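Colleague: Provided herewith is a single structure, encoded as C-alpha coordinates, for subsequent inquiry.
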Amino acid sequence: MPPRSPLPPRHGLQAAWLRTPDRGKEPPGAWATMRDFLVARLGPLGADGVDRMLAAGEFVDAAGRPLTGAEAYTPHTFVWFHRELRAEPRVPFELRVVYADERIVVVDKPHFLSTIPRGRHVTESVVVRARQQLDLPGLGPAHRLDRLTAGLVLLTTEPRWRAAYQQVFEHRLVSKRYLALANHDPRLALPRTVRSHIVKRRGSLQAQEIPSLDPNAETVVERDEVRGRYARYRLTPRTGRTHQLRLHLNSLGLPILGDPLYPEVLDVDIDDFSTPLQLLAAELEFTDPVDGRPRRFVSERTLDWPMVE
1 MPPRSPLPPR HGLQAAWLRT PDRGKEPPGA WATMRDFLVA RLGPLGADGV DRMLAAGEFV
61 DAAGRPLTGA EAYTPHTFVW FHRELRAEPR VPFELRVVYA DERIVVVDKP HFLSTIPRGR
121 HVTESVVVRA RQQLDLPGLG PAHRLDRLTA GLVLLTTEPR WRAAYQQVFE HRLVSKRYLA
181 LANHDPRLAL PRTVRSHIVK RRGSLQAQEI PSLDPNAETV VERDEVRGRY ARYRLTPRTG
241 RTHQLRLHLN SLGLPILGDP LYPEVLDVDI DDFSTPLQLL AAELEFTDPV DGRPRRFVSE
301 RTLDWPMVE
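Read in order, the letters of the sequence shown are residues 1 to 309 in UniProt numbering.
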(Lines of atoms letter the chains of each structure in order from A and count residues from 1; the text may use other names and numbers.)
(Lines give C-alpha, C1' and ligand atoms only; values in the text may rest on other atoms or scores of the structure.)
Protein backbone atom coordinates (compact mmCIF):
# COMPACT_ATOMS: atom_id res chain seq x y z
CA MET A 1 0.00 0.00 0.00
CA PRO A 2 1.20 3.56 -0.69
CA PRO A 3 1.91 6.12 2.02
CA ARG A 4 -0.69 8.79 2.74
CA SER A 5 -1.68 10.77 -0.34
CA PRO A 6 -0.36 14.34 -0.47
CA LEU A 7 -3.38 15.35 -2.57
CA PRO A 8 -6.84 16.03 -1.09
CA PRO A 9 -9.90 14.28 -2.56
CA ARG A 10 -11.46 15.79 -5.67
CA HIS A 11 -15.12 15.26 -6.65
CA GLY A 12 -15.33 12.95 -3.62
CA LEU A 13 -12.58 10.70 -5.00
CA GLN A 14 -9.15 9.97 -3.57
CA ALA A 15 -6.12 10.62 -5.79
CA ALA A 16 -4.83 7.78 -7.95
CA TRP A 17 -1.22 6.67 -7.60
CA LEU A 18 1.55 4.88 -9.47
CA ARG A 19 4.78 3.39 -8.17
CA THR A 20 7.93 2.88 -10.20
CA PRO A 21 9.36 -0.66 -10.01
CA ASP A 22 12.02 -1.60 -7.48
CA ARG A 23 15.64 -1.29 -8.60
CA GLY A 24 16.61 -4.14 -10.89
CA LYS A 25 12.99 -4.98 -11.76
CA GLU A 26 12.63 -2.41 -14.53
CA PRO A 27 12.03 -3.71 -18.08
CA PRO A 28 14.92 -3.73 -20.56
CA GLY A 29 15.77 -0.24 -21.74
CA ALA A 30 14.00 1.32 -18.77
CA TRP A 31 12.89 4.91 -18.68
CA ALA A 32 15.34 7.81 -18.61
CA THR A 33 12.92 10.32 -17.05
CA MET A 34 9.79 10.27 -14.93
CA ARG A 35 7.89 11.57 -17.97
CA ASP A 36 8.95 8.47 -19.92
CA PHE A 37 7.65 6.26 -17.10
CA LEU A 38 4.30 8.10 -16.93
CA VAL A 39 3.79 7.91 -20.70
CA ALA A 40 4.51 4.17 -20.64
CA ARG A 41 2.18 3.47 -17.71
CA LEU A 42 -0.68 5.78 -18.71
CA GLY A 43 -1.03 4.56 -22.29
CA PRO A 44 -4.69 5.55 -22.83
CA LEU A 45 -3.89 9.11 -21.75
CA GLY A 46 -1.21 9.41 -24.44
CA ALA A 47 1.97 11.47 -24.45
CA ASP A 48 0.01 14.67 -25.11
CA GLY A 49 -2.24 14.01 -22.13
CA VAL A 50 0.72 13.32 -19.84
CA ASP A 51 2.46 16.49 -21.04
CA ARG A 52 -0.69 18.52 -20.47
CA MET A 53 -1.00 17.26 -16.88
CA LEU A 54 2.72 17.78 -16.22
CA ALA A 55 2.46 21.36 -17.45
CA ALA A 56 -0.50 21.92 -15.11
CA GLY A 57 1.42 20.47 -12.14
CA GLU A 58 -1.05 17.62 -11.70
CA PHE A 59 1.50 14.87 -10.98
CA VAL A 60 3.07 15.21 -7.52
CA ASP A 61 5.63 13.33 -5.43
CA ALA A 62 5.29 12.11 -1.83
CA ALA A 63 5.85 15.62 -0.51
CA GLY A 64 3.21 17.10 -2.80
CA ARG A 65 5.77 18.75 -5.08
CA PRO A 66 4.67 18.93 -8.74
CA LEU A 67 6.75 16.91 -11.20
CA THR A 68 8.04 18.58 -14.34
CA GLY A 69 8.67 15.26 -16.08
CA ALA A 70 12.33 16.10 -16.68
CA GLU A 71 13.37 14.49 -13.39
CA ALA A 72 15.61 11.46 -13.78
CA TYR A 73 13.73 8.19 -13.37
CA THR A 74 14.08 6.76 -9.86
CA PRO A 75 12.97 3.29 -8.71
CA HIS A 76 10.41 2.64 -5.94
CA THR A 77 8.92 6.13 -6.20
CA PHE A 78 5.25 7.02 -5.70
CA VAL A 79 3.46 9.53 -7.95
CA TRP A 80 -0.05 10.84 -7.20
CA PHE A 81 -2.57 12.46 -9.52
CA HIS A 82 -6.28 12.89 -10.14
CA ARG A 83 -7.63 11.16 -13.23
CA GLU A 84 -9.28 13.25 -15.90
CA LEU A 85 -13.03 12.65 -15.94
CA ARG A 86 -15.45 12.83 -18.82
CA ALA A 87 -18.22 15.39 -18.62
CA GLU A 88 -21.06 13.25 -17.24
CA PRO A 89 -24.68 14.28 -17.73
CA ARG A 90 -26.28 14.54 -14.30
CA VAL A 91 -28.72 11.75 -13.48
CA PRO A 92 -31.89 13.85 -13.02
CA PHE A 93 -33.06 12.14 -9.83
CA GLU A 94 -32.06 12.78 -6.23
CA LEU A 95 -30.24 10.47 -3.83
CA ARG A 96 -32.26 10.20 -0.61
CA VAL A 97 -30.87 9.31 2.82
CA VAL A 98 -33.13 6.83 4.62
CA TYR A 99 -31.01 6.38 7.75
CA ALA A 100 -27.63 7.43 9.14
CA ASP A 101 -25.65 6.81 12.33
CA GLU A 102 -21.98 6.69 13.30
CA ARG A 103 -21.37 3.42 11.38
CA ILE A 104 -23.78 3.17 8.48
CA VAL A 105 -25.72 5.24 5.99
CA VAL A 106 -28.66 3.76 4.06
CA VAL A 107 -29.58 5.60 0.87
CA ASP A 108 -32.49 5.24 -1.51
CA LYS A 109 -30.79 5.11 -4.92
CA PRO A 110 -32.59 6.40 -8.02
CA HIS A 111 -32.58 4.55 -11.31
CA PHE A 112 -29.52 5.12 -13.55
CA LEU A 113 -27.13 6.02 -10.71
CA SER A 114 -24.15 3.68 -10.45
CA THR A 115 -23.32 2.41 -6.95
CA ILE A 116 -19.55 2.85 -7.25
CA PRO A 117 -17.46 5.13 -9.47
CA ARG A 118 -16.25 3.11 -12.43
CA GLY A 119 -15.98 3.27 -16.20
CA ARG A 120 -18.11 6.05 -17.66
CA HIS A 121 -19.96 6.72 -14.38
CA VAL A 122 -17.74 8.35 -11.78
CA THR A 123 -19.16 11.59 -10.44
CA GLU A 124 -22.65 10.23 -11.14
CA SER A 125 -22.42 7.42 -8.61
CA VAL A 126 -23.88 6.79 -5.16
CA VAL A 127 -20.46 6.86 -3.51
CA VAL A 128 -19.35 10.21 -4.96
CA ARG A 129 -22.72 11.92 -4.55
CA ALA A 130 -23.13 10.69 -0.96
CA ARG A 131 -19.58 11.66 0.04
CA GLN A 132 -20.19 15.18 -1.18
CA GLN A 133 -23.76 15.42 0.10
CA LEU A 134 -22.88 14.21 3.62
CA ASP A 135 -19.26 15.43 3.81
CA LEU A 136 -18.07 11.90 4.60
CA PRO A 137 -14.92 11.23 2.51
CA GLY A 138 -14.53 7.71 3.94
CA LEU A 139 -18.03 6.59 2.92
CA GLY A 140 -18.06 3.31 0.97
CA PRO A 141 -20.57 0.61 -0.06
CA ALA A 142 -21.12 -2.64 1.82
CA HIS A 143 -22.73 -4.13 -1.34
CA ARG A 144 -23.73 -3.06 -4.83
CA LEU A 145 -26.95 -2.46 -6.67
CA ASP A 146 -27.19 -2.54 -10.45
CA ARG A 147 -27.10 0.92 -12.06
CA LEU A 148 -30.55 0.51 -13.62
CA THR A 149 -32.18 -0.71 -10.40
CA ALA A 150 -33.51 1.76 -7.84
CA GLY A 151 -33.69 1.26 -4.10
CA LEU A 152 -31.74 0.67 -0.92
CA VAL A 153 -27.95 0.67 -0.68
CA LEU A 154 -26.09 0.34 2.61
CA LEU A 155 -22.81 2.22 3.03
CA THR A 156 -20.36 2.44 5.90
CA THR A 157 -19.12 5.78 7.20
CA GLU A 158 -15.48 4.68 7.56
CA PRO A 159 -13.29 1.87 6.18
CA ARG A 160 -12.97 0.29 9.67
CA TRP A 161 -16.65 -0.71 9.61
CA ARG A 162 -16.74 -1.97 6.04
CA ALA A 163 -15.66 -5.61 6.45
CA ALA A 164 -18.24 -6.40 9.12
CA TYR A 165 -21.16 -5.17 7.02
CA GLN A 166 -19.80 -6.57 3.75
CA GLN A 167 -19.75 -10.01 5.34
CA VAL A 168 -23.46 -9.74 6.13
CA PHE A 169 -24.09 -9.58 2.39
CA GLU A 170 -21.34 -11.99 1.33
CA HIS A 171 -22.60 -14.69 3.74
CA ARG A 172 -26.25 -14.10 2.79
CA LEU A 173 -27.24 -13.00 6.28
CA VAL A 174 -29.49 -10.26 4.91
CA SER A 175 -33.07 -10.59 3.68
CA LYS A 176 -33.62 -8.57 0.50
CA ARG A 177 -37.00 -7.97 -1.09
CA TYR A 178 -37.64 -6.35 -4.46
CA LEU A 179 -40.66 -5.08 -6.34
CA ALA A 180 -41.00 -5.23 -10.12
CA LEU A 181 -43.61 -4.30 -12.72
CA ALA A 182 -44.32 -6.61 -15.65
CA ASN A 183 -47.23 -7.93 -17.68
CA HIS A 184 -49.92 -9.91 -15.87
CA ASP A 185 -50.45 -13.53 -16.90
CA PRO A 186 -53.52 -14.87 -15.03
CA ARG A 187 -52.61 -18.43 -16.14
CA LEU A 188 -49.32 -18.34 -14.23
CA ALA A 189 -49.59 -20.02 -10.84
CA LEU A 190 -47.88 -17.95 -8.14
CA PRO A 191 -46.16 -17.90 -5.72
CA ARG A 192 -43.39 -20.12 -7.01
CA THR A 193 -39.66 -20.56 -6.59
CA VAL A 194 -37.56 -20.15 -9.72
CA ARG A 195 -34.21 -21.92 -9.82
CA SER A 196 -31.59 -21.96 -12.58
CA HIS A 197 -27.87 -21.87 -13.28
CA ILE A 198 -26.85 -18.33 -14.27
CA VAL A 199 -23.58 -17.41 -15.96
CA LYS A 200 -22.47 -13.85 -16.81
CA ARG A 201 -19.52 -13.91 -19.22
CA ARG A 202 -17.10 -11.00 -19.51
CA GLY A 203 -17.88 -8.85 -22.54
CA SER A 204 -21.50 -10.02 -22.81
CA LEU A 205 -24.29 -7.61 -21.90
CA GLN A 206 -26.71 -10.42 -21.06
CA ALA A 207 -26.33 -13.16 -18.49
CA GLN A 208 -27.43 -16.65 -19.53
CA GLU A 209 -29.29 -19.53 -17.91
CA ILE A 210 -27.67 -22.93 -18.52
CA PRO A 211 -30.34 -25.68 -18.19
CA SER A 212 -27.78 -28.51 -18.17
CA LEU A 213 -26.06 -27.27 -14.99
CA ASP A 214 -27.24 -27.46 -11.38
CA PRO A 215 -29.02 -24.32 -10.14
CA ASN A 216 -26.90 -21.62 -8.52
CA ALA A 217 -29.65 -18.99 -8.38
CA GLU A 218 -33.01 -19.01 -6.59
CA THR A 219 -35.83 -16.46 -6.42
CA VAL A 220 -39.26 -16.59 -4.79
CA VAL A 221 -41.79 -14.83 -7.04
CA GLU A 222 -45.13 -13.60 -5.71
CA ARG A 223 -47.88 -11.54 -7.33
CA ASP A 224 -48.41 -8.42 -5.23
CA GLU A 225 -51.02 -6.37 -7.11
CA VAL A 226 -52.79 -6.41 -10.48
CA ARG A 227 -53.91 -3.41 -12.51
CA GLY A 228 -55.45 -4.42 -15.81
CA ARG A 229 -52.82 -6.08 -18.02
CA TYR A 230 -49.96 -5.28 -15.62
CA ALA A 231 -48.94 -6.63 -12.24
CA ARG A 232 -46.50 -5.80 -9.49
CA TYR A 233 -44.41 -8.74 -8.32
CA ARG A 234 -42.64 -9.25 -5.01
CA LEU A 235 -39.26 -10.93 -5.48
CA THR A 236 -37.21 -12.52 -2.71
CA PRO A 237 -33.78 -13.64 -3.95
CA ARG A 238 -32.03 -16.35 -1.97
CA THR A 239 -28.86 -15.89 -4.00
CA GLY A 240 -27.28 -12.86 -5.64
CA ARG A 241 -26.29 -13.64 -9.22
CA THR A 242 -25.84 -10.87 -11.78
CA HIS A 243 -29.21 -9.99 -13.42
CA GLN A 244 -30.85 -12.83 -11.48
CA LEU A 245 -34.24 -11.16 -10.94
CA ARG A 246 -34.43 -9.88 -14.51
CA LEU A 247 -33.61 -13.32 -15.90
CA HIS A 248 -35.98 -15.21 -13.61
CA LEU A 249 -38.98 -13.03 -14.41
CA ASN A 250 -38.10 -13.14 -18.10
CA SER A 251 -37.97 -16.96 -17.93
CA LEU A 252 -41.60 -16.86 -16.75
CA GLY A 253 -42.54 -14.82 -19.81
CA LEU A 254 -42.69 -11.64 -17.72
CA PRO A 255 -39.81 -9.34 -18.69
CA ILE A 256 -39.60 -6.34 -16.38
CA LEU A 257 -40.97 -3.17 -17.90
CA GLY A 258 -38.24 -0.84 -19.17
CA ASP A 259 -35.59 -3.57 -19.35
CA PRO A 260 -33.11 -2.78 -22.17
CA LEU A 261 -31.45 -6.24 -21.99
CA TYR A 262 -34.15 -8.89 -21.58
CA PRO A 263 -35.60 -10.52 -23.55
CA GLU A 264 -33.47 -8.74 -26.18
CA VAL A 265 -30.74 -6.11 -26.16
CA LEU A 266 -32.09 -2.70 -27.17
CA ASP A 267 -29.99 0.10 -28.63
CA VAL A 268 -30.36 2.61 -25.79
CA ASP A 269 -27.89 5.44 -25.23
CA ILE A 270 -26.06 5.10 -21.91
CA ASP A 271 -27.12 8.63 -20.95
CA ASP A 272 -30.80 8.18 -21.88
CA PHE A 273 -32.78 8.48 -18.63
CA SER A 274 -36.25 8.40 -20.16
CA THR A 275 -37.27 4.77 -19.52
CA PRO A 276 -36.39 3.45 -16.04
CA LEU A 277 -36.21 -0.27 -15.39
CA GLN A 278 -39.22 -0.96 -13.18
CA LEU A 279 -37.25 -2.82 -10.50
CA LEU A 280 -36.90 -1.59 -6.93
CA ALA A 281 -34.78 -2.89 -4.03
CA ALA A 282 -37.57 -2.27 -1.54
CA GLU A 283 -36.42 -3.82 1.77
CA LEU A 284 -33.25 -4.76 3.64
CA GLU A 285 -33.38 -6.71 6.88
CA PHE A 286 -30.46 -8.14 8.92
CA THR A 287 -28.90 -8.42 12.36
CA ASP A 288 -26.32 -5.71 12.92
CA PRO A 289 -22.88 -7.39 12.99
CA VAL A 290 -21.48 -4.84 15.46
CA ASP A 291 -24.13 -4.48 18.17
CA GLY A 292 -26.45 -7.42 17.40
CA ARG A 293 -29.66 -5.42 17.09
CA PRO A 294 -32.21 -6.08 14.33
CA ARG A 295 -32.13 -3.68 11.38
CA ARG A 296 -34.88 -3.17 8.82
CA PHE A 297 -35.06 -0.50 6.15
CA VAL A 298 -37.81 0.18 3.60
CA SER A 299 -37.49 2.21 0.40
CA GLU A 300 -39.63 5.31 0.06
CA ARG A 301 -39.64 5.05 -3.74
CA THR A 302 -42.45 3.67 -5.88
CA LEU A 303 -42.57 2.16 -9.34
CA ASP A 304 -44.25 3.83 -12.31
CA TRP A 305 -47.36 1.92 -13.35
CA PRO A 306 -48.22 2.29 -17.03
CA MET A 307 -51.46 3.96 -17.94
CA VAL A 308 -54.18 1.31 -17.70
CA GLU A 309 -56.84 1.45 -20.38
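C-beta atoms are modelled at their ideal positions from N, C-alpha and C, and glycine is treated no differently. In this text, all values refer to a predicted model and were calculated from it rather than measured experimentally.
Tell me Thr275's beta-bridge partners as DSSP assigns them.
Modeller: The partner list for Thr275 (beta bridge, DSSP) is empty, contrary to what the question assumes.
Colleague: To the nearest angstrom, how far is the alpha carbon of residue 313 from that of Phe93?
Modeller: Outside the shown range of the chain, which is 1 to 309, sits residue 313, and nothing can be said about it.
Colleague: Check this for me: beta carbons of Thr157 and Ala281, under 8 Å apart or not?
Modeller: Not in contact: Thr157 and Ala281 (Cβ atoms no closer than 8 Å).
Colleague: With Lys176 and Thr242 assumed to form a contact (beta carbons below 8 Å), what rounded beta-carbon distance in angstroms separates them?
Modeller: So it is not a contact: roughly 15 Å between Cβ atoms.
Colleague: At 4 residues or longer, what runs of the alpha helix (DSSP H) sit wholly inside the UniProt domain "Pseudouridine synthase RsuA/RluA-like" (104–250)?
Modeller: Entirely contained in the UniProt domain "Pseudouridine synthase RsuA/RluA-like" (104–250), the alpha helix (DSSP H) runs reaching 4 residues are, in chain order, 126–134, 159–170.
Colleague: Can at least three beta-carbon pairs, one atom from the segment 222–235 and one from the segment 204–211, be found at a separation below 8 Å?
Modeller: The segment 222–235 is not in contact with the segment 204–211.
Colleague: Who are the Cβ neighbours of Ala47 in its own chain at under 6 Å, not counting the five residues just before and after it?
Modeller: Answer for Ala47: Val39, listed in chain order.
Colleague: Since Val50 and Leu67 should fall inside the 8 Å C-beta cutoff, what is the C-beta to C-beta distance between them, to a whole number of angstroms?
Modeller: With 8 Å as the limit, Val50 and Leu67 do not qualify as a contact, their Cβ atoms being about 10 Å apart.
Colleague: List the whole-angstrom C-beta distance separating Ala62 from Pro9, where the pair is believed to meet the contact cut-off of C-beta under 8 Å.
Modeller: Contact flag wrong, Cβ pair sits at about 17 Å.
Colleague: Report yes or no: do the segment 254–264 and the segment 178–188 share at least 3 C-beta pairs separated by less than 8 Å?
Modeller: Yes, they touch.
Colleague: Report yes or no: do the segment 127–144 and the segment 10–22 share at least 3 C-beta pairs separated by less than 8 Å?
Modeller: The segment 127–144 vs the segment 10–22: in contact.
Colleague: Would you call the segment 271–280 and the segment 111–127 touching, i.e. three or more CB-CB distances under 8 Å?
Modeller: Yes: at least three Cβ pairs fall under 8 Å.
Colleague: Rounded to the nearest angstrom, how far is the Cβ of Leu152 from that of Asp224, given a contact under 8 Å?
Modeller: The Cβ separation is near 17 Å, so there is no contact.
Colleague: Let me know if Thr239 comes out buried or exposed under the rule of 16 or more other beta-carbons within 10 Å of its beta-carbon.
Modeller: Classification for Thr239: exposed.
Colleague: Shortest alpha-carbon distance to Ser125 belongs to which of Val290, Arg147, Thr236, Pro137?
Modeller: Of the candidates Val290, Arg147, Thr236, Pro137, the one whose C-alpha sits nearest the C-alpha of Ser125 is Arg147.
Colleague: Keeping to the same chain, check which residues put their C-beta closer than 8 Å to that of His76; ignore five residues upstream and five downstream.
Modeller: If we look at His76 and ignore the five residues flanking it on each side, its Cβ neighbours are Arg19, Thr20, Pro21, Asp22, Arg23.
Colleague: Leaving out five residues before and five after Val98 in sequence, what residues of the same chain have Cβ atoms less than 6 Å from its Cβ?
Modeller: The answer, listed in chain order, is Val106, Asp108, Phe297.
Colleague: Pick out the complete beta strand (DSSP E) segments inside the segment 24–96, 3 residues or longer, and give them in chain order.
Modeller: Within the segment 24–96, the complete beta strand (DSSP E) runs of at least 3 residues are 78–81.
Colleague: If you draw a straight line from the alpha carbon of Arg103 to that of Val220, how long is it in whole angstroms?
Modeller: So the two alpha carbons sit approximately 31 Å from each other.
Colleague: Return the first residue and the last residue of the beta strand (DSSP E) that Leu18 is part of.
Modeller: That run of the beta strand (DSSP E) goes 16–19.
Colleague: Would you tell me roughly how many angstroms separate the C-alpha atoms of residue 313 and Leu247, rounded to the nearest one?
Modeller: It is not possible to answer for residue 313, since the shown part of the chain is limited to 1 through 309.
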